[in-house]
Amino acid sequence: MRHIPQEMCSMGENLRCRGMRDMLPDDMRRFRRVEEAFRTACLGWGYEEIRTPVLEHLHLFTTSGTLSPQMLGRVYSFLDWDGWSGERVVMRPDSTIPSARLYGEYLDGGKLAKLFYVQSVFRFAEGDESREDWQCGVELIGESQPQGDIELILLAREVLARLGLDADVRVSHPGLVRAVLARAGLDAAEQLAVYDRILDGDAGALRELQERLPDVGASLGMLLAVEGEGRAYLNNLRSTFVESIPALEEPLDELAVVVGALEPLGCRCLISAAMVRNFEYYTGPAFHLDVSGQKVGSGGRYDALVSLIGGEHVPASGFALEAAVLADLLPAEAPEARQIVTVVARADDGESLASAFRLAATLRAEGLAAQVAGTAPDDGPRVAASGEGYVLSGVSGKERRLATVEAVSEALRQTGRD
Amino acid sequence: MIKLALPAGDLRTPVADALESVGLKVEGYGEGSRTYILSVGGHERAVARVFREKDIPIQIAMGSYDLGICGLAWIEELRARYPQHPVASLRDLGVGRLGLYVASAAETEGLGSLGGRRGLRVASEFPNIAEAFALAARLPAYRVQAVWGAAEAYPPEDADLAVIAAGDEAAVSAKGLVPLLRMLCSSAWLIANADSLAKKDLSPLLGPLAGSGSRGEAQSLRLPPPLPARTGEKRPAPARRQSLRMALPDGHQQRHVVAALREAGLLPLAGYDETRCLRRPKSALAGLEIKVIRPHDMPQLVATGEIDLAVTGRDCLTEHLSRFPSSPAEELVDLQRCQFNVAAVVSEDVPASDLEGALAHWRAQGNRMIRVASEFPGIADAFARSRHLGRYQVIPIAGASEGFVPEDAELLIEGTETGRTLVENRLKPIDLLFRSTTCVIASRERVLSGRRRKLFDQVVSSLRMSANAG
Numbered sequence: 001m002r003h004i005p006q007e008m009c010s011m012g013e014n015l016r017c018r019g020m021r022d023m024l025p026d027d028m029r030r031f032r033r034v035e036e037a038f039r040t041a042c043l044g045w046g047y048e049e050i051r052t053p054v055l056e057h058l059h060l061f062t063t064s065g066t067l068s069p070q071m072l073g074r075v076y077s078f079l080d081w082d083g084w085s086g087e088r089v090v091m092r093p094d095s096t097i098p099s100a101r102l103y104g105e106y107l108d109g110g111k112l113a114k115l116f117y118v119q120s121v122f123r124f125a126e127g128d129e130s131r132e133d134w135q136c137g138v139e140l141i142g143e144s145q146p147q148g149d150i151e152l153i154l155l156a157r158e159v160l161a162r163l164g165l166d167a168d169v170r171v172s173h174p175g176l177v178r179a180v181l182a183r184a185g186l187d188a189a190e191q192l193a194v195y196d197r198i199l200d201g202d203a204g205a206l207r208e209l210q211e212r213l214p215d216v217g218a219s220l221g222m223l224l225a226v227e228g229e230g231r232a233y234l235n236n237l238r239s240t241f242v243e244s245i246p247a248l249e250e251p252l253d254e255l256a257v258v259v260g261a262l263e264p265l266g267c268r269c270l271i272s273a274a275m276v277r278n279f280e281y282y283t284g285p286a287f288h289l290d291v292s293g294q295k296v297g298s299g300g301r302y303d304a305l306v307s308l309i310g311g312e313h314v315p316a317s318g319f320a321l322e323a324a325v326l327a328d329l330l331p332a333e334a335p336e337a338r339q340i341v342t343v344v345a346r347a348d349d350g351e352s353l354a355s356a357f358r359l360a361a362t363l364r365a366e367g368l369a370a371q372v373a374g375t376a377p378d379d380g381p382r383v384a385a386s387g388e389g390y391v392l393s394g395v396s397g398k399e400r401r402l403a404t405v406e407a408v409s410e411a412l413r414q415t416g417r418d
Numbered sequence: 419m420i421k422l423a424l425p426a427g428d429l430r431t432p433v434a435d436a437l438e439s440v441g442l443k444v445e446g447y448g449e450g451s452r453t454y455i456l457s458v459g460g461h462e463r464a465v466a467r468v469f470r471e472k473d474i475p476i477q478i479a480m481g482s483y484d485l486g487i488c489g490l491a492w493i494e495e496l497r498a499r500y501p502q503h504p505v506a507s508l509r510d511l512g513v514g515r516l517g518l519y520v521a522s523a524a525e526t527e528g529l530g531s532l533g534g535r536r537g538l539r540v541a542s543e544f545p546n547i548a549e550a551f552a553l554a555a556r557l558p559a560y561r562v563q564a565v566w567g568a569a570e571a572y573p574p575e576d577a578d579l580a581v582i583a584a585g586d587e588a589a590v591s592a593k594g595l596v597p598l599l600r601m602l603c604s605s606a607w608l609i610a611n612a613d614s615l616a617k618k619d620l621s622p623l624l625g626p627l628a629g630s631g632s633r634g635e636a637q638s639l640r641l642p643p644p645l646p647a648r649t650g651e652k653r654p655a656p657a658r659r660q661s662l663r664m665a666l667p668d669g670h671q672q673r674h675v676v677a678a679l680r681e682a683g684l685l686p687l688a689g690y691d692e693t694r695c696l697r698r699p700k701s702a703l704a705g706l707e708i709k710v711i712r713p714h715d716m717p718q719l720v721a722t723g724e725i726d727l728a729v730t731g732r733d734c735l736t737e738h739l740s741r742f743p744s745s746p747a748e749e750l751v752d753l754q755r756c757q758f759n760v761a762a763v764v765s766e767d768v769p770a771s772d773l774e775g776a777l778a779h780w781r782a783q784g785n786r787m788i789r790v791a792s793e794f795p796g797i798a799d800a801f802a803r804s805r806h807l808g809r810y811q812v813i814p815i816a817g818a819s820e821g822f823v824p825e826d827a828e829l830l831i832e833g834t835e836t837g838r839t840l841v842e843n844r845l846k847p848i849d850l851l852f853r854s855t856t857c858v859i860a861s862r863e864r865v866l867s868g869r870r871r872k873l874f875d876q877v878v879s880s881l882r883m884s885a886n887a888g
């Protein structure tokens, strides 16, 4: 993240809000590369682009089964200028819930919608960590598993491949941990608390669960703390646990189909039971994508979400890639080498300036980049109106007199080709 | 210099006694001095200042004060919104014991019956705690109504739930409510700014205070589990309102309003006169339902249509409209009572007679941030924007604002009736914002018909005639 040099800050301190990032031209070049790779891949798979507003009603996110209380403790919510009733609005902390709202509102519940977006989400983070994250997100609403889950993982991998990045795919299923916690006799609130402790690597939580489930005992560590690979590991889990915890069978079956389709397509899958954090809306297979050990995206199935926020019950799944994180992984790019011609006005009076801007507009219409002297650096070719024609300089070291705009643009094109 | 923040209000006497019992007499504190800076007897290195209780954790968190004493409920109110705040709870002084309860009107069948109910309204002086409750219970589409006081008067008409402080469950019941959950056992605590505690010698005050109260663990909020939605349960549709609902103020405006009502021929009201203040006084006018609440909270209830008519201060209406410019709450009648100026106030030491001069003075001193303290944060914010204060910070406070200037704020936006308190605290007004007065307010978008319309016109015209006669 860049910082404004101290001497540029009139108050001797940083003027930028903490956790907010400026994107400079080099950042934007890499960001656009990510965006273009993402858009191209999505369009190729038949998705359409949407954008949702920055402000949403807070209540969309507070209903049980949407965002977790931990995540809700980090949202930016406030009373709007007409919020005298006390109902708060929130700066979009997530894009999936707004997409589900948009689907219910405009896209007729029940129909298939293949949507993608590039937009930011806002969540409080400690210190200088980013509080605005850019997401390249995809939502596939109305498509049931397993085809949808498989398509999303392959699409996400294609985006990364277009960027020259190779990702590890970790798959999980929230039903795995839920089944264990329910079998341990924990109520909904306790399940959430213990789940968070497991995600935080708290060994005590695992011990407590083992004590509550003596028939499973020490092997629980294999499920909750070990990461395995592919169908082989899923088979091991099934033979170890399903007899004691029958509710594990369904999520293991769902994962087996997804992994079984991905492996023959060359996609290696790691299985991690305890992985999905902060989003209560996941109901089926979920996945993370890591590049060089860094998480660059995640997604999963959220079949209950659309109905939770007032729509019909439709199956759905989606993912989001962290656009700014991906952009930072790309090498710096030099700006596109483009010849810019500078039009020099004959004088500083209005008429001469108007004539110069008119000539620059004509050159741009011819497909050239053109600016008027004084508005930008002018170390490239220069053209000035002179008498009945034009004088072109800064090309091949000598001045050339040309009669028409067309002749000027042809000469410039010629130098561009040379 | 060690800076100690002490509470005004109900805690003043028990805290003064507790301090005195360990040899820390704060001159004038127990007697209720109107001066806000007090010396801590025998300690040249310590100074005390009196604040409204709810402002104390904020002052400690900001580092403006090293030590403070206030109820645990207000510390938890800050923690509920800002869990990382740098306030250390040191000792329970064992005075000012209160519970913080979630309560409802009589017809609610326990906490579980709230699960899945959409649009529940929660009124509270502790809005952050109320929010934490609603989030933990996973109430769908809840609304928290932050009120200045009298939250117990809101259910059932103006809120479904209230989060209130009360001595015990019996005290909640005595307010006509059913306690559903005790979220906290509060008492007065000695608190410290974590940075001061780490870097500053506070022992001259901490030493004596070590002998008072107990060091026990500060309790944290008891939150409800997620409340599952009950299936198949339908809420009855709200009944069509038959009566005209009017709000009258408690506090310092009450005697002025009683006088206005008397002149308008709207007295007697059983339970609302110069000496008594019931939350639901009875009017002799059939169909007129009266509720007594804080004047600050009336414009919101008028805007949402819960209340048809209210008598409040223009300051409260202006504050509401500053925050919510498109609100339909409007002034109908100026009762021309309880009049005072709302002004921008600075320290007497600022060598300027107007805002421009004061701004130039602060900037010349290298003061980039102008801190504006006010009971009216909406008005203060609008003032700061429109007068181009540049980089400014609005410090919302609950009262006792005179104590803030000059150390903790450059500017106050403050109501001044006689100017005496300003002089006593070495302050002066430099800009008049507007003149406040007691007024009748209603919604521009009111829809009244039949008997309610007639009653509305009768009450408003009586009050208008009495104002014109005055």
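Protein chains in written order, with the numbering used here: chain S, 1 to 418; chain Y, 419 to 888. Glycine is no exception: its CB is placed at the ideal position from the N, C-alpha and C atoms. Just so we're clear, the structure is a prediction, and the values are computed from it rather than from any experiment.
Per-residue contacts from residue i into chain S (C-beta, under 9 Å)
{"i": "H714 of chain Y", "result": "By Cβ distance, chain S contributes nothing, its closest Cβ being about 13 Å from H714 of chain Y, past 9 Å."}
{"i": "T722 of chain Y", "result": "W84, S85 and G86"}
{"i": "H806 of chain Y", "result": "Simply none; closest approach about 16 Å."}
Three-state secondary structure assigned by DSSP to residue i
{"i": "L163 of chain S", "result": "coil"}
{"i": "G731 of chain Y", "result": "strand"}
{"i": "R447 of chain Y", "result": "The residue you asked about is not Arg; residue 447 of chain Y is Tyr in the sequence shown. If DSSP states are grouped into helix, strand and coil, Y447 of chain Y belongs with coil."}
{"i": "M28 of chain S", "result": "helix"}
{"i": "W134 of chain S", "result": "strand"}
{"i": "F551 of chain Y", "result": "helix"}
{"i": "M71 of chain S", "result": "helix"}
{"i": "S172 of chain S", "result": "strand"}
Below-7 Å beta-carbon distance, residue i vs any chain Y residue
{"i": "T63 of chain S", "result": "yes"}
{"i": "A188 of chain S", "result": "yes"}
{"i": "L72 of chain S", "result": "yes"}
{"i": "W45 of chain S", "result": "no"}
{"i": "W134 of chain S", "result": "no"}
{"i": "E7 of chain S", "result": "Below a pLDDT of 50, predicted positions are generally treated as unreliable, and E7 of chain S, at 40, falls in that range; no measurement from the model is reported."}
Beta carbon of residue i nearer than 7 Å to that of residue j
{"i": "V513 of chain Y", "j": "P646 of chain Y", "result": "no"}
{"i": "P558 of chain Y", "j": "R539 of chain Y", "result": "no"}
{"i": "V341 of chain S", "j": "A370 of chain S", "result": "yes"}
{"i": "S740 of chain Y", "j": "G808 of chain Y", "result": "no"}
{"i": "A320 of chain S", "j": "Q135 of chain S", "result": "yes"}
{"i": "D133 of chain S", "j": "V118 of chain S", "result": "no"}
{"i": "P174 of chain S", "j": "Y103 of chain S", "result": "no"}
Chain Y residues whose Cβ lies nearer than 7 Å to that of residue i
{"i": "E87 of chain S", "result": "R561"}
{"i": "P69 of chain S", "result": "L553 and A554"}
Minimum Cβ-Cβ distance from residue i to chain S less than 7 Å
{"i": "Q671 of chain Y", "result": "no"}
{"i": "A548 of chain Y", "result": "no"}
{"i": "P644 of chain Y", "result": "yes"}
{"i": "F742 of chain Y", "result": "yes"}
{"i": "S745 of chain Y", "result": "yes"}
{"i": "G775 of chain Y", "result": "no"}
Proximal chain Y residues relative to residue i, where beta-carbon distance stays under 8 Å
{"i": "H59 of chain S", "result": "P558, A559 and Y560"}
Cross-chain neighbours of residue i in chain S, by beta carbon under 7 Å
{"i": "Q718 of chain Y", "result": "W84"}
{"i": "H503 of chain Y", "result": "Per Cβ cutoff of 7 Å: no residues; H503 of chain Y is ~13 Å from chain S at best."}
Closer than 8 Å at the beta carbon, the chain S residues around residue i
{"i": "H738 of chain Y", "result": "W84"}
Taking contact to mean 3 or more Cβ pairs, one atom from each stretch, closer than 8 Å, check whether the segment 31–43 of chain S and the segment 326–346 of chain S are in contact.
The segment 31–43 of chain S vs the segment 326–346 of chain S: in contact.
With three or more C-beta pairs closer than 8 Å as the rule, is the segment 256–268 of chain S touching the segment 141–153 of chain S?
Between the segment 141–153 of chain S and the segment 256–268 of chain S there are three or more C-beta pairs closer than 8 Å, enough to call the two in contact.
Check whether the segment 855–871 of chain Y and the segment 820–831 of chain Y touch, using three or more Cβ-Cβ pairs below 8 Å as the test.
Short answer: they don't touch.
Are the segment 560–576 of chain Y and the segment 701–720 of chain Y in contact at 8 Å, needing three or more beta carbon pairs?
Counting Cβ pairs under 8 Å, three or more are found: they touch.
Mind the definition here: the segment 782–802 of chain Y touches the segment 436–447 of chain Y only if three or more C-beta pairs lie below 8 Å; say whether that holds.
Contact fails: fewer than three Cβ-Cβ distances are below 8 Å.
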